[in-house]
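Heads up: the sequence lines are chains A and B, in that order. Read the first sequence against my numbering and you will find it ends at 311, with the numbers running on by one and no gaps. Read the second sequence against my numbering and you will find it ends at 1324, with the numbers running on by one and no gaps.
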Amino acid sequence: MDDFLQTYGFLIATMLQAGLLGLSLYFPLQAGQLSLASPGFYAVGGYAAAILLTNPAFAGLRDTLGNGMFPLTWLAGAVLGGLLGVVVGVPALRLRGIYLALATIAFVEILRVVALNLTVTGGAVGIFGIPQAFGFQDRWQYIFLFLPLLLLTLLFARQLERSRVGRALRAIREDELAADAMGVPPTQYKVLAFVIGAVLAGLVGAMSAPFLNTWNAKQGTFDASITILAAVLIGGSRNIWGPVVGGALLAAVPEVLRFLADWRLVINGLVLVVASLYLPQGIVGALERLGRPRPPQRPTPAPVSAAEVKS
Amino acid sequence: MEFSQFVQSLLNGLAIGSVYAIFALGYTLVFSILGIINFAHGAVFTLGAYFTYTLVVGEFSNNGLLKGVALFPGGSPLSGNPLTFALATLLGAAGAGLIAVLIERLAFRPMRSRGADPLLALVSSLGVALVIVNLIQLLVGAEIYNFPSDAYGETPPALSFTLGGKIVIIRTVQVIIFAVSLVMLAVLGYVIGRTKIGKALRAVAENPTTASLLGISVDRFIVITFFLSGFVGGLAGTLVGTAFGVAGPYFGVTYGLKGLAVIVLGGLGSIPGAVLGGLVIGLAEAFVPAEYSAYKDAVAFALLFVILLVRPQGLLGRAAIQKV
Chain A
1 MDDFLQTYGF LIATMLQAGL LGLSLYFPLQ AGQLSLASPG FYAVGGYAAA
51 ILLTNPAFAG LRDTLGNGMF PLTWLAGAVL GGLLGVVVGV PALRLRGIYL
101 ALATIAFVEI LRVVALNLTV TGGAVGIFGI PQAFGFQDRW QYIFLFLPLL
151 LLTLLFARQL ERSRVGRALR AIREDELAAD AMGVPPTQYK VLAFVIGAVL
201 AGLVGAMSAP FLNTWNAKQG TFDASITILA AVLIGGSRNI WGPVVGGALL
251 AAVPEVLRFL ADWRLVINGL VLVVASLYLP QGIVGALERL GRPRPPQRPT
301 PAPVSAAEVK S
Chain B
1001 MEFSQFVQSL LNGLAIGSVY AIFALGYTLV FSILGIINFA HGAVFTLGAY
1051 FTYTLVVGEF SNNGLLKGVA LFPGGSPLSG NPLTFALATL LGAAGAGLIA
1101 VLIERLAFRP MRSRGADPLL ALVSSLGVAL VIVNLIQLLV GAEIYNFPSD
1151 AYGETPPALS FTLGGKIVII RTVQVIIFAV SLVMLAVLGY VIGRTKIGKA
1201 LRAVAENPTT ASLLGISVDR FIVITFFLSG FVGGLAGTLV GTAFGVAGPY
1251 FGVTYGLKGL AVIVLGGLGS IPGAVLGGLV IGLAEAFVPA EYSAYKDAVA
1301 FALLFVILLV RPQGLLGRAA IQKV
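Following this line, the structure appears as structure tokens:
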């Protein structure tokens, strides 16, 4: 077991982390909102943790709190993510479909440039030498953080889906105007879903800063946005397991393909192309279909799309 | 700001803005026809620069699988002369156009025939971008290539004059960029606005089903659109490559993102909008004061964010009609 964890533990932790990030994008998507802002909140959460854990200004606090410092960084990451989520979400969620996606890309890029130029974020070099959480000796031990968080998030997501709020979110996803007419205020619910995603991404960022040991502007980039979106779409965007499966899978692909050496990034790209061509419902969606003996389905309206913007 | 500096910034902004404009045209053409954003457009931009470089230099010196393979025995016939360089640029752009057609065939068409979610097209095109960028890196190396300095021939500054005791310099490359972009815009404007092909393109953009009922081969016009899109994208790549002298595998990434800001600023799917958006962003960047130049790359996105909040349809876009 020990050998196994030494070899694959880091990969498993990475897969869990990617699944969590996928879920952070899934929440707004539940309300039909395609937001690519997750890496921005993730980066901010990570910076908050990295600064709290390394900046001399907080040395006294660290001495007093000891290991209690780590939960504090999680709180900081989650709160910062949430606050930023409100600040960005309230104006941005007036936009729909591809416009919202582009606005959130702009948000992520602006954050990246700012992070590259501030002193407190360490500029282009970033922040390094971040102490390991709770004095972990091995990177695989982060499974102890990511796995419980993932389980909690899944539980939360399931409860949310079954609740009144979850039904409201689904109603907004299927038809915002109709939901509005039925007395479901779309803006409040959309912001709520967006902020839940932001809190989760901030929290994951705060846990990931010690995990990765260094934190820099590369953590929150457009590429990251797309990787996460790809994970959600490839896993399946209509079921809580989709983002988890997709995230874990995309995190594992480069490792599994390591034997291909230089070709693996090319193959990685091909995987994205092939998966989006042949698994339009995502892996979980495809499995669901296999399991069900073809129920008579009402044609589901396509999720928010660029085509809709044009009409 | 001194007047001479103002004039200099204005000219710099116009030159780079015109490249943004023709690059963004490629995005907006595809969007107006298919309603998707082709994220591989930045990679096509990079490819354009590489194709032209290959034609002019004919050999790769960096570490890659193609290192030392000479394309032309006895040196490239297309080097060292502004006229042949222009030819190489056109061929390079055409090559980029063919790649764009290939991308459509492999990554978009299979999806279109099944009526898949346009979001998946986004992921698919991103996969294509990954493939292209990493193939470039594998084949010709990750390091930067410099365009030969005499690409346009030995050229003195096109114009330099003194304004209030300061020298204002306009580089020949800037004039060329600006002129080529204007010509390209005029040609495209003519093709789309006045010719039969353009009419058919607009019909397909308006409503593919009706267009096909009217006897327009939708698939063929989508191929034409992708070729045009790749052509202007690749041309922009070469122009930027020669203006700054360099091209590396990740050369197109920033342009790919800025191009998005350009088309949204101008209005998604609007051709005059892409031009206006390109010029606005080029000028806005040129006027960032030197002490804040580190934030220059955020200007386009700040503008994008603001315009989305104030006027989501963009400067020249039509307001989307809400479906009831």
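Even glycine gets a Cβ: it sits at the ideal position worked out from N, Cα and C. The structure displayed is predicted, hence computed values, not measured ones.
Alpha carbon to alpha carbon, how far is residue j from residue i? Give it in angstroms, no decimals.
i: Ile1271 (chain B); j: Tyr1190 (chain B); result: 12 angstroms
i: Ala307 (chain A); j: Gly1035 (chain B); result: For Ala307 (chain A), the predicted structure reports a pLDDT of 49, less than 50, and the residue's modelled location is therefore unreliable. The matter cannot be settled from this model.
i: Leu233 (chain A); j: Trp241 (chain A); result: 11 angstroms
i: Gly68 (chain A); j: Ala1298 (chain B); result: 37 angstroms
i: Gly166 (chain A); j: Ala31 (chain A); result: 9 angstroms
i: Tyr142 (chain A); j: Gln219 (chain A); result: 18 angstroms
i: Lys1196 (chain B); j: Val1101 (chain B); result: 21 angstroms
i: Leu84 (chain A); j: Gly235 (chain A); result: 27 angstroms
i: Gly1314 (chain B); j: Leu1260 (chain B); result: 12 angstroms
i: Val1275 (chain B); j: Ile1263 (chain B); result: 9 angstroms
i: Val1030 (chain B); j: Ala49 (chain A); result: 42 angstroms
i: Gly1282 (chain B); j: Gln1005 (chain B); result: 16 angstroms
i: Ala1024 (chain B); j: Leu1235 (chain B); result: 12 angstroms
i: Leu36 (chain A); j: Leu1126 (chain B); result: 14 angstroms
i: Gly1241 (chain B); j: Tyr8 (chain A); result: 43 angstroms
i: Ala1186 (chain B); j: Val1280 (chain B); result: 19 angstroms
i: Glu1291 (chain B); j: Glu1285 (chain B); result: 13 angstroms
i: Ala252 (chain A); j: Leu65 (chain A); result: 36 angstroms
i: Leu257 (chain A); j: Tyr278 (chain A); result: 20 angstroms
i: Pro91 (chain A); j: Val1306 (chain B); result: 10 angstroms
Under 8 angstroms between C-beta atoms, does residue i make it to chain B?
i: Pro39 (chain A); result: no
i: Ala307 (chain A); result: Confidence is the limiting factor: at Ala307 (chain A) the pLDDT is only 49, short of 50, which leaves the residue's position unreliable, though a coordinate-based value still follows. It does; some Cβ of chain B falls within 8 angstroms.
i: Phe107 (chain A); result: yes
i: Leu102 (chain A); result: yes
i: Ala13 (chain A); result: no
i: Leu270 (chain A); result: yes
i: Val191 (chain A); result: no
What residues match up with residue i in a beta bridge as DSSP calls it?
i: Asn1146 (chain B); result: B:Val1246
i: Leu1159 (chain B); result: B:Ile1170
i: Trp215 (chain A); result: A:Ile127
If you check the beta carbons only, do residue i and residue j fall under 8 angstroms apart?
i: Thr1046 (chain B); j: Gly1230 (chain B); result: no
i: Met1184 (chain B); j: Val1253 (chain B); result: no
i: Leu145 (chain A); j: Ala133 (chain A); result: yes
i: Gly1277 (chain B); j: Gly1269 (chain B); result: no
i: Val125 (chain A); j: Ile51 (chain A); result: no
i: Gly269 (chain A); j: Asn1038 (chain B); result: no
i: Gly81 (chain A); j: Gly247 (chain A); result: no
i: Leu1138 (chain B); j: Asp262 (chain A); result: yes
i: Thr214 (chain A); j: Arg112 (chain A); result: no
i: Ser1032 (chain B); j: Val1057 (chain B); result: no
i: Ile196 (chain A); j: Val245 (chain A); result: no
i: Ser1124 (chain B); j: Leu229 (chain A); result: no
i: Leu212 (chain A); j: Leu1130 (chain B); result: no
Which residue comes first and which comes last in the alpha helix (DSSP H) that contains residue i?
i: Leu1130 (chain B); result: 1118-1140
i: Phe134 (chain A); result: Run containing Phe134 (chain A): none; DSSP gives neither H nor E here.
i: Val1183 (chain B); result: 1172-1194
i: Ser1032 (chain B); result: 1003-1034
i: Phe315 (chain A); result: Because residue 315 (chain A) is not part of the residues shown, which for chain A are 1 to 311, the question remains open.
i: Ala1290 (chain B); result: Run containing Ala1290 (chain B): none; DSSP gives neither H nor E here.
i: Arg264 (chain A); result: 264-278
i: Pro1110 (chain B); result: 1109-1112
i: Thr221 (chain A); result: Unbroken run through Thr221 (chain A): none, as it is neither H nor E.
i: Leu1303 (chain B); result: 1296-1310
i: Arg289 (chain A); result: 282-291
i: Arg112 (chain A); result: 97-117
Against chain A, with Cβ distances strictly below 8 angstroms, would residue i count as a contact?
i: Ala1100 (chain B); result: no
i: Val1324 (chain B); result: In this predicted model, Val1324 (chain B) has a pLDDT of only 35, less than 50, meaning its place in the structure is not dependable; the value taken from the coordinates is given anyway. By this cut-off, Val1324 (chain B) is an interface position.
i: Leu1066 (chain B); result: no
i: Ala1294 (chain B); result: yes
i: Ile1037 (chain B); result: yes
i: Gly1074 (chain B); result: no
i: Asp1219 (chain B); result: no
i: Ala1107 (chain B); result: yes
i: Ala1123 (chain B); result: The sequence as given places Val at residue 1123 (chain B); Ala does not occur at that position. Chain A contact via Cβ: present.
i: Leu1315 (chain B); result: no
i: Asn1062 (chain B); result: no
i: Phe1085 (chain B); result: no
i: Pro1312 (chain B); result: yes
What are the boundary residues of the beta strand (DSSP E) that residue i is part of?
i: Lys190 (chain A); result: No beta strand (DSSP E) holds Lys190 (chain A); the alpha helix (DSSP H) holding it covers 186-212.
i: Phe58 (chain A); result: Where Phe58 (chain A) is concerned, there is no enclosing beta strand (DSSP E), given that its DSSP letter is neither H nor E.
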